[in-house]
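For reference, the structure discussed in these notes is given below.
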Amino acid sequence: MTGRIIGTGACIPTLVWDNNKLAEMVETSDEWIRERTGIARRHIEKERTATEMAIEAAQKAMESCAELKAEEIGAIIVCSIAQEEVLPSVSCQVQAAIGAENAFCFDLKAACSGFVFAYNTCLAYMNMGLIKNALIIGVEKLSTITDWTDRSSCILFGDGAGAAVINACEEEGAMMMKCDGSRGEVLTCPAGSTLLMNGQEVFKFAVRSVPEAINEVLAKKMLAKEDVDYYILHQANRRIVESVAKRLGEPIEKFPMNLEEYGNTSSASIPLLLDELYRSGKLPKGSRLIMAGFGAGLSWGASYVTV
Ligand code: COA
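Be aware that the sequence shown starts at 8, since it is given in this note's numbering, and climbs by one per residue.
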């Protein structure tokens with residue numbers, strides 16, 4: 008059994024900070040940021056809470072698959088590392104807002120691997136016959152935990168929320184997840200503080216682990232690379248995506264990107280990209296996708312999903 012995307016939604020902050028705005032805050036330039044990361048702008052949320060953003064993305068995702076009733080959703084998982092409230096969980100608040108009264112709900116924290124880990128978790132429940140439909144949301148207000156005086160990290164991050172409704176389908180799935188807690192110091196955020204990152208180490212980890220993860224999923228699924236329509240990677244850095252494409256020997260056109268517009272939105276980056284592609288008609292029924300996430304923990308994972 009695998010997951011089929013039957014609806015998507017997003018909540019995108021209207022406030023936009025381009026690279027020139029950051030150049031007023033720290034010693035950097037539009038040219039440096041574009042060249043090293045591919046990022047041109049990021050969206051910043053100043054008014055809504057993460058919960059409000061998650062609800063908006065969830066409502067849009069549910070509207071996009073109107074044939075599915077909210078009561079048919081069996082699970083709601085929200086991934087976030089930057090949310091205001093401790094309790095109740097964001098996912099329970101989403102449940103109340105959309106009336107998904109039969110869903111069990113919990114929040115999951117796996118940083119930039121969050122969406123893939125949440126999807127894989129749903130697949131496990133689907134394979135156990137526990138649920139048929141799930142709503143997965145990635146929501147981040149990274150601007151609240153970014154050190155806006157640190158030029159080596161503040162240029163990367165942005166805010167946003169993305170959601171996907173997943174339906175269990177009979178096709179066989181394939182997934183992988185891994186963590187290396189012994190290397191956790193590479194990307195940290197102490198309570199009440201800001202993100203601290205060794206950028207070069209994260210970069211090296213990503214370009215090595217992501218192709219391995221994708222190859223593992225392709226092998227488990229016995230899927231040839233030619234049969235993959237798109238690789239949906241966590242949007243961290245254009246050079247990371249390009250390096251993964253090269254190592255896999257796949258054309259860069261199969262790696263859609265939107266990091267130029269949003270920067271790195273952690274667990275929201277994959278569902279934001281899915282929503283963009285889904286709404287623009289680039290994911291026709293039957294599309295075969297491999298998603299891959301990576302980040303703090305260290306954690307990484309990949310999974311097959313269809314449309
Ligand atoms: N503007 C201008 N110069 C900057 C800068 C900025 N925003 N940030 C760093 N620099 C400088 C450094 O001080 C350094 O100067 P020096 O050579 O005089 O010491 C130089 O640029 C090179 O720094 P370096 O850290 O080697 O750059 P890099 O090519 O590794 O790029 C990142 C830095 C952060 C963009 C890159 O490492 C990266 O994207 N890593 C992955 C991070 C990531 O994706 N994290 C989230 C994962 S989920």
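Glycine residues also receive a C-beta, built at the ideal position from the N, C-alpha and C atoms.
query: heavy atom of ligand 1 below 8 Å from Thr44 C-beta; result: yes
query: beta-carbon Arg41 near ligand 1 non-hydrogen atom, thresh 8 Å; result: no
query: Limits of the unbroken beta strand (DSSP E) element including Met135; result: Segment: none, Met135 is in no beta strand (DSSP E) and carries neither H nor E.
query: Gly10 beta carbon less than 9 Å from that of Leu130; result: yes
query: Burial state of Gly199, where buried means 16 or more other Cβ atoms lie within 10 Å; result: exposed
query: For Arg55, the three-state DSSP class (helix, strand or coil); result: coil
query: Residue span of the alpha helix (DSSP H) that contains Asn222, given as start and end; result: Gly206 to Lys228
query: Runs of beta strand (DSSP E) wholly within the stretch 14-83 (minimum 3 residues, chain order); result: 22-25 and 48-51
query: Under the three-state DSSP convention, the category Ile247 falls into; result: helix
query: Member of Ser276, Lys28 and Arg245 whose CA lies at the smallest distance from the CA of Thr156; result: Lys28
query: Option nearest Glu267 by Cα separation, candidates Val93, Arg49 and Val97; result: Arg49
query: Cβ contact check for the stretch 265-284 and the stretch 155-171: 3 or more pairs under 8 Å; result: yes
query: Leu163 CB to nearest heavy atom of ligand 1 below 8 Å; result: yes
query: Other residues of its chain near Cys186: CB distance less than 7 Å, five sequence neighbours each side excluded; result: Gly304, Leu305 and Ser306
query: Beta strand (DSSP E) segment containing Leu296, residue limits; result: Arg295 to Gly302
query: At least 3 beta-carbon pairs within less than 8 Å: the stretch 281-301 vs the stretch 230-243; result: yes
query: Gly293 burial status per 10 Å Cβ neighbour count (16 or more: buried); result: exposed
query: Per-residue burial, Leu22 [other beta carbons within 10 Å of its own, 16 or more giving buried]; result: exposed
query: C-alpha distance - Tyr285 paired with Gly106, whole-angstrom precision; result: 24 Å
query: Identity of the residue in Asn109, Phe301, Val93 and Lys227 nearest Ala77 by Cα; result: Asn109
query: Helix, strand or coil at Leu163 [DSSP, three-state]; result: coil
query: Nonlocal neighbours in the same chain, by C-beta distance under 6 Å from Lys227, ignoring five residues either side; result: Ala181
query: Ser273 beta carbon near ligand 1 (any heavy atom closer than 8 Å); result: yes
query: Ligand 1 heavy atom lying under 8 Å from the CB of Ser294; result: no
query: For Val172: DSSP bridge partner residues; result: Gly14 and Leu142
query: Helix, strand or coil at Asn109 [DSSP, three-state]; result: coil
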